[in-house]
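Once you know that position 322 of the sequence shown is 316 in our numbering, the rest is easy, because the numbers rise by one and skip nothing.
We put the beta carbon where it would ideally sit given N, CA and C, even for glycine.
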Amino acid sequence: MMSRADRTVLSEWWWTVDRALLAALFGLMIIGIILSLAASPAVTARIGIDDPFHFVNRQLLFLVPAVCVLLATSFLTPRALRRTAIGVFALFFVLLLATLVFGPEVKGARRWLTVAGITVQPSEFIKPAFVILAAWLFAESSKRPEMPAQSLAMLLLASVLVPLVMQPDFGQSLLICLVWGALFFLAGLRWIWMVGLAGAGVGAGVIAYLSVSHVQKRISRFINPDSGDTYQIEAALNSFRNGGWFGTGPGEGTVKRMLPDGHTDFVFAVAGEEFGIILNLIILALFAFIILRSLRRAMDESDPFARFAITGLTLLFGLQASINMAVNVHIAPAKGMTLPFISYGGSSLISLAFGMGMLIALSRKRPGAAALAALSEPRRKVEPQGTPTATPTAGPQPVPAAS
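Printed below as a string of structure tokens:
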């Protein structure tokens, strides 16, 4: 058992980390393994893979480095986090550009690269590093107004959006824009900027709708289901109806066999069919707990960088989860976005672990200046009661004059 008096790195981490937040994240990972067991056999049978637990084994394989990344990152200091984010952003920005040239085209988009036999989606790793760098720039703009930090933050956003739109990946672009806009708002932008940014976002959405066919089809199917194929959405909704409150039981689901992406984008629907709405509500409660606890920690933070970074990482995590669940229950247009720590996917799992590891590192309890001074001050020797303590003097004492 670790004591508070220990001064080891591990002991210090244990007594300063948010253990409830860490437990909630591990809870999501465990649920992800269970739902992978439920969804994997149906998917492998449909696509012709002999091993029914192929995706379960790969999920466990990716989960090991993900846990290591999460824990290792949670030990870092804010300065080390900024340096790490710069390195990660630079590496995966180069890979993001490489996807436009060397990436295979899948469903009309180039988003993946194969590196040493492993398929990597660079945009997943760009997101958490982008949030840290944007938070750093906005924090500097609030501390040093003479710096062109907000202009650099706009340049950072543009540098990421251009290759994402060229892939194209409008879902990730929207997610990054929402988080960046929230950080810009927290940094104290004027209302005219907010109106301008909102107008630019609406204009970009209209242009995407008019110029990109698959975006137009998805939005049209959402508004008017009779205008196109809504097979996956209808199957997802039938999964919830078939499961009811308590589900059909593990392995007893039937609608999941018709879900092409039951192990990734529509794993929330598989949870509803086999384990019922009860499990859906538990998943929703875990996400709500993580989001609200992290935002509360951001509110209590005095350092602008930590406050912006915690808020940005929380929004990135929460918006991705919200979009996935909203698509599953048909209150948002279909978008290929994973459910954090639950959906199958190596790049998504490890990048989310990196982002939440940084959030845990920033939300650790750090002693204030007074506490640090008290810890660094040497302890004084306590004299027993009743024993006079002689005051040390320098040099000979003056002799009192005779009366």
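Cα-Cα separation between residue i and residue j, rounded to whole angstroms
i    : j    : result
E246 : L313 : 31 Å
L85  : T78  : 11 Å
I41  : F47  : 13 Å
W7   : I213 : 47 Å
I80  : L127 : 7 Å
F20  : G243 : 23 Å
P116 : I344 : 11 Å
V482 : R105 : There is simply no residue 482 to check, as the chain begins at -5 and stops at 397 in what is shown.
G256 : K250 : 6 Å
K359 : F96  : 44 Å
L231 : V323 : 6 Å
R291 : L172 : 21 Å
I317 : E134 : 31 Å
A192 : Q144 : 17 Å
A198 : S205 : 10 Å
T248 : G241 : 11 Å
E228 : F234 : 10 Å
S288 : D44  : 42 Å
W239 : L280 : 18 Å
L149 : L90  : 17 Å
V159 : T2   : 47 Å
L275 : F119 : 29 Å
P254 : Y225 : 10 Å
E140 : R76  : 21 Å
A365 : S296 : Caution applies to A365, whose pLDDT of 43 falls short of 50 and renders its modelled position unreliable; the model cannot decide the point.
T10  : A300 : 15 Å
P72  : P298 : 12 Å
W187 : L353 : 28 Å
A74  : I217 : 46 Å
F178 : V196 : 17 Å
L346 : R52  : 17 Å
P219 : R138 : 51 Å
L273 : E99  : 36 Å
P142 : M252 : 53 Å
Beta-carbon spacing of residue i, residue j below 7 Å
i    : j    : result
A176 : S136 : no
F124 : V88  : no
L29  : A320 : no
A32  : E268 : yes
T67  : F302 : no
A355 : L16  : no
L64  : G351 : yes
G270 : G237 : yes
F262 : L169 : no
S34  : V58  : no
L278 : K121 : no
S357 : D0   : no
L151 : W174 : yes
A18  : I201 : no
L146 : L131 : yes
Status (buried if at least 16 other CB within 10 Å, exposed otherwise) for residue i
i    : result
S337 : buried
M293 : exposed
R373 : Any reading at R373 needs caution, since the residue's pLDDT is 46, under 50, leaving its predicted position unreliable; the model's value is listed next. Looking at its Cβ environment, which holds fewer than 16 other Cβ atoms inside 10 Å, R373 is exposed.
L4   : exposed
M23  : buried
D259 : buried
A129 : buried
T93  : buried
V37  : buried
G26  : buried
L286 : exposed
V82  : buried
A282 : exposed
A315 : buried
A14  : exposed
A60  : buried
Residue i at chain D interface by Cβ criterion, 7 Å
i   : result
L22 : This model lacks chain D altogether; it includes just one protein chain.
Check your understanding: Counting Cβ pairs, one atom from each stretch, are 3 or more of them under 8 Å apart for the segment 202 to 213 and the segment 154 to 164?
Key -> yes
Contained beta strand (DSSP E) runs [length at least 3] in the segment 95 to 147, N- to C-terminal order
107 to 109 and 112 to 114
What ranges does the alpha helix (DSSP H) occupy inside the segment 243 to 302, keeping only unbroken runs of at least 4 residues that lie completely in it? 261 to 293
Note to self: My parser needs the alpha helix (DSSP H) runs of 4 or more residues fully inside the segment 176 to 234; what are they?
What the structure shows: Within the segment 176 to 234, the complete alpha helix (DSSP H) segments of 4 residues or longer fall at 185 to 205 and 207 to 217, listed in chain order.
| field | Cβ pair count under 8 Å reaching 3, the segment 297 to 306 against the segment 319 to 335 | value | Contact annotation: the segment 297 to 306 does not touch the segment 319 to 335, with fewer than three C-beta pairs closer than 8 Å.
Notebook entry, point to check: So, do the segment 109 to 116 and the segment 339 to 348 have three or more beta carbon pairs nearer to each other than 8 Å?
Noted result: yes
Fill in: Secondary structure, alpha helix (DSSP H): runs of 4+ residues fully inside the segment 16 to 89
48 to 68
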